[in-house]
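Novice:
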Amino acid sequence: MIEHKSPEDIERMHVTGQFVGQVLAELGDLAAVGVNLLDLEHHARRRIKERGAESCYWDYEPSFGKGPFRNVVCLSVNDAVLHGLPHSYKLRDGDLLTMDMAVGIDGWAADSAHSVIVGTPAEEDLRLIEATEVALEAAIKVAQPGNKLGDISAAIGAVAAEYGYPVNLEFGGHGIGRTMHEDLHIPNDGRAGRGWKLRPGLTIAIEPWFAAGTNKIVFDPDGWTIRSADGSRTAHSEHTVAITETGPLVLTRRPQSNKGLEDRRESSATGR
Numbered sequence: 001m002i003e004h005k006s007p008e009d010i011e012r013m014h015v016t017g018q019f020v021g022q023v024l025a026e027l028g029d030l031a032a033v034g035v036n037l038l039d040l041e042h043h044a045r046r047r048i049k050e051r052g053a054e055s056c057y058w059d060y061e062p063s064f065g066k067g068p069f070r071n072v073v074c075l076s077v078n079d080a081v082l083h084g085l086p087h088s089y090k091l092r093d094g095d096l097l098t099m100d101m102a103v104g105i106d107g108w109a110a111d112s113a114h115s116v117i118v119g120t121p122a123e124e125d126l127r128l129i130e131a132t133e134v135a136l137e138a139a140i141k142v143a144q145p146g147n148k149l150g151d152i153s154a155a156i157g158a159v160a161a162e163y164g165y166p167v168n169l170e171f172g173g174h175g176i177g178r179t180m181h182e183d184l185h186i187p188n189d190g191r192a193g194r195g196w197k198l199r200p201g202l203t204i205a206i207e208p209w210f211a212a213g214t215n216k217i218v219f220d221p222d223g224w225t226i227r228s229a230d231g232s233r234t235a236h237s238e239h240t241v242a243i244t245e246t247g248p249l250v251l252t253r254r255p256q257s258n259k260g261l262e263d264r265r266e267s268s269a270t271g272r
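So this is what it looks like as structure tokens:
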């Protein structure tokens, strides 16, 4: 069932989203050469506990995956892009790190992801991250009341095509609100003018992710970490967005940071 939230519900989700954005910004600033992924995981755990929040990932057990997820943040490095299982790995110069986090506060969830370069960036990696962030901004821009879900998918696919990256349709955006995953799947490519009509009160997670060389994926033996099938680099950007009478409202906007295209400029997509 698709639930349309009241303005009061959206404001509660905004509180959660601001916390998620803040913690992701902190993790991005902490990600440096020599830092262990487990240090980032433990920082996120501390912040969630301090806030009295609940991780949406802890004990998450979908049809894929090997047993319940027993971490609070997904940390994916280089060719890994989704559901990266935190483990003892010290970040190296030039690593491309994707951080994905979802929490609930007072019964309302928010979900966001952010890719950064550790140490010295390669131009091709910066371009890949830029593509996901430009695609996210384009998708947010068309998330207007009266438009269709396909307009969001088409906007993401158009940016991918412009940058020359293939698109995987197995994993994409989703509805969100009282739980991390609610009805509505939002593919990262599609046809404009098709699908569910966007109405005020709809809350969704929009999450373009691309691999540089393929649209095929493989799973690690851990049953969680998803990688590009050809070993090419990957990047992922995600925001929780509410459709309102006056347009899209980004609920997980991060405070300004030194890392990431989106953090260096305010999106022109919403004017918020």
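With the UniProt record's numbering as the guide, the letters of the sequence shown map in order to residues 1 to 272. Ideal placement from N, C-alpha and C gives every residue a C-beta, glycine not left out. Please read these numbers as outputs of a predicted model, since none were measured by experiment.
Quick check on this structure: which residue in Arg227, Phe69, Ala212 and Ser112 has the alpha carbon closest to the alpha carbon of Gln18?
Specialist: Residue 18 sits at position 18 when you count from the first residue of the sequence shown. Of the listed residues, the one whose Cα sits closest to Gln18 is Ser112.
Novice: Along the alpha helix (DSSP H) that carries Leu128, what are the first and last residues, could you check?
Specialist: Indexing the sequence shown from 1 puts residue 128 at position 128. That run of the alpha helix (DSSP H) goes Glu123 to Lys141.
Novice: For Ala161 and Asp189, I'd like the C-alpha separation in whole angstroms.
Specialist: Residue numbering aside, residue 161 sits at position 161 when the sequence shown is read from its first letter. Residue numbering aside, residue 189 sits at position 189 when the sequence shown is read from its first letter. Straight-line Cα distance between these residues: approximately 10 Å.
Novice: Locate the beta strand (DSSP E) running through His114, then write down its first and last residues.
Specialist: Along the sequence shown, read from residue 1 onward, the residue named residue 114 stands at position 114. Run containing His114: Trp108 to Ile117, per the beta strand (DSSP E) assignment.
Novice: Quickly, what does DSSP pair Thr203 with across the bridge? List them, please.
Specialist: If you number the sequence shown from 1, residue 203 lands on position 203. Answer is Ala242.
Novice: In three-state terms, what does DSSP make of Ile226?
Specialist: Here the question's residue 226 lines up with position 226 in the sequence shown. Here Ile226 sits in strand by DSSP.
Novice: In this structure, what does DSSP give as the bridge partners for Asp100?
Specialist: Within the sequence shown, numbered from 1, the residue matching residue 100 stands at position 100. In the DSSP output, where bridge partners are listed per residue, Asp100 has Cys74 and Ala113.
Novice: Provide the residue span of the beta strand (DSSP E) that contains Phe210, from first to last.
Specialist: Within the sequence shown, residue 210 is the residue found at index 210, counting from 1. From DSSP, the beta strand (DSSP E) with Phe210 extends over Trp209 to Ala211.
Novice: Whole angstroms is fine: what's the gap from Thr16's alpha carbon to Ala158's?
Specialist: Position 16 of the sequence shown, counted from the first residue, corresponds to residue 16. Position 158 of the sequence shown, counted from the first residue, corresponds to residue 158. Rounded to whole angstroms, Thr16 to Ala158 spans 31 Å at the Cα level.
Novice: Would Gly173 and Ile206 qualify as a contact pair, given that the criterion is a beta-carbon distance under 8 Å?
Specialist: Looking up residue 173 in the sequence shown gives position 173. Looking up residue 206 in the sequence shown gives position 206. Yes, Cβ-Cβ distance for Gly173 and Ile206 is below 8 Å.
Novice: For a test of the three-state rule: what should DSSP assign to Gly157, helix, strand or coil?
Specialist: For the purposes of this step, residue 157 is identified with residue 157 of the sequence shown, where counting begins at 1. Helix at Gly157.
Novice: Quick check on DSSP: helix, strand or coil for Lys90?
Specialist: To locate residue 90, count along the sequence shown from 1; it is residue 90. Looking at Lys90 - three-state DSSP - the assignment turns out to be strand.
Novice: Assuming Phe219 is part of the beta strand (DSSP E), what are its boundary residues?
Specialist: Taking the first residue of the sequence shown as 1, we reach residue 219 at position 219. Per DSSP, Phe219 belongs to the beta strand (DSSP E) from Ile217 to Phe219.
Novice: Is it the case that the Cβ atoms of Asp95 and Gly231 are separated by a distance below 8 Å?
Specialist: Residue 95 sits at position 95 when you count from the first residue of the sequence shown. Residue 231 sits at position 231 when you count from the first residue of the sequence shown. It is not a contact, given that the beta carbons lie outside the stated cut-off.
Novice: What do you get for Thr179, buried or exposed, if any count of 16 or more other CB atoms within 10 angstroms of its CB means buried?
Specialist: Start at 1 with the first residue of the sequence shown, and residue 179 comes out as number 179. By the 10 Å Cβ count, Thr179 comes out exposed.
Novice: Can you tell me which of Pro166, Phe171, Val77 and Gly223 puts its alpha carbon nearest to the alpha carbon of Gly65?
Specialist: To locate residue 65, count along the sequence shown from 1; it is residue 65. Nearest option by C-alpha distance: Gly223.
Novice: Could you check whether Asp93 and Val118 sit closer than 8 Å to each other, using their CB atoms as the reference points?
Specialist: Along the sequence shown, read from residue 1 onward, the residue named residue 118 stands at position 118. Along the sequence shown, read from residue 1 onward, the residue named residue 93 stands at position 93. In contact: Val118 and Asp93 (Cβ atoms closer than 8 Å).
Novice: Hey, Tyr165 and Ala212 are a contact pair by Cβ (cut 8 Å); roughly how many whole angstroms apart?
Specialist: Numbered from 1 along the sequence shown, position 165 holds the residue referred to as residue 165. Numbered from 1 along the sequence shown, position 212 holds the residue referred to as residue 212. That pair is a contact at about 7 Å.
Novice: Based on the DSSP output, what are the partners of Ser55 in its beta bridges?
Specialist: Numbered from 1 along the sequence shown, position 55 holds the residue referred to as residue 55. Answer is Val103, bridged to Ser55.
Novice: Below 8 Å, can you find three or more Cβ-Cβ pairs linking the region 132 to 149 to the region 69 to 77?
Specialist: The answer is no - the region 69 to 77 does not touch the region 132 to 149, with fewer than three Cβ pairs under 8 Å.
Novice: Go through its chain and collect everything with a Cβ distance to Gly107's Cβ below 7 Å, but skip five positions before and after it.
Specialist: Working through the sequence shown from its first residue, we reach residue 107 at position 107. The residues are Arg178.
Novice: Leaving out five residues before and five after Glu245 in sequence, what residues of the same chain have Cβ atoms less than 7 Å from its Cβ?
Specialist: By 1-based counting over the sequence shown, the position of residue 245 is 245. So the list reads Pro145 and Pro200, once near-sequence residues are dropped.
Novice: Scan the region 152 to 198 and note each continuous beta strand (DSSP E) run of 3 residues or more that stays entirely inside, going in chain order.
Specialist: With a minimum length of 3 residues, the continuous beta strand (DSSP E) runs that stay inside the region 152 to 198 are 173 to 175 and 182 to 186.
Novice: Among Ala109, Thr132 and Pro86, whose alpha-carbon lies nearest the alpha-carbon of Ser115?
Specialist: Within the sequence shown, residue 115 is the residue found at index 115, counting from 1. The shortest C-alpha separation from Ser115 is found at Thr132.
Novice: With Leu85 and Thr225 assumed to form a contact (beta carbons below 8 Å), what rounded beta-carbon distance in angstroms separates them?
Specialist: As a position in the sequence shown, residue 85 is number 85, starting the count at 1. As a position in the sequence shown, residue 225 is number 225, starting the count at 1. Leu85 to Thr225, Cβ: 5 Å. Contact.
Novice: Could you tell me the alpha carbon to alpha carbon distance between Val250 and Leu136, rounded to whole angstroms?
Specialist: Taking the sequence shown and counting its residues from 1, the one referred to as residue 250 is at position 250. Taking the sequence shown and counting its residues from 1, the one referred to as residue 136 is at position 136. Approximately 11 Å, taken between the alpha carbons.
Novice: Which whole-angstrom value is the C-beta distance of Arg227 and Val33, which I expect to be below 8 Å?
Specialist: Stepping through the sequence shown from its first residue, residue 227 is reached at position 227. Stepping through the sequence shown from its first residue, residue 33 is reached at position 33. With a Cβ gap of about 22 Å, Arg227 and Val33 do not count as contacting.
Novice: Do Ala242 and Met1 have their CB atoms nearer than 8 Å?
Specialist: What you label residue 242 is simply residue 242 of the sequence shown in a count that begins at 1. What you label residue 1 is simply residue 1 of the sequence shown in a count that begins at 1. No, they are not a contact pair.
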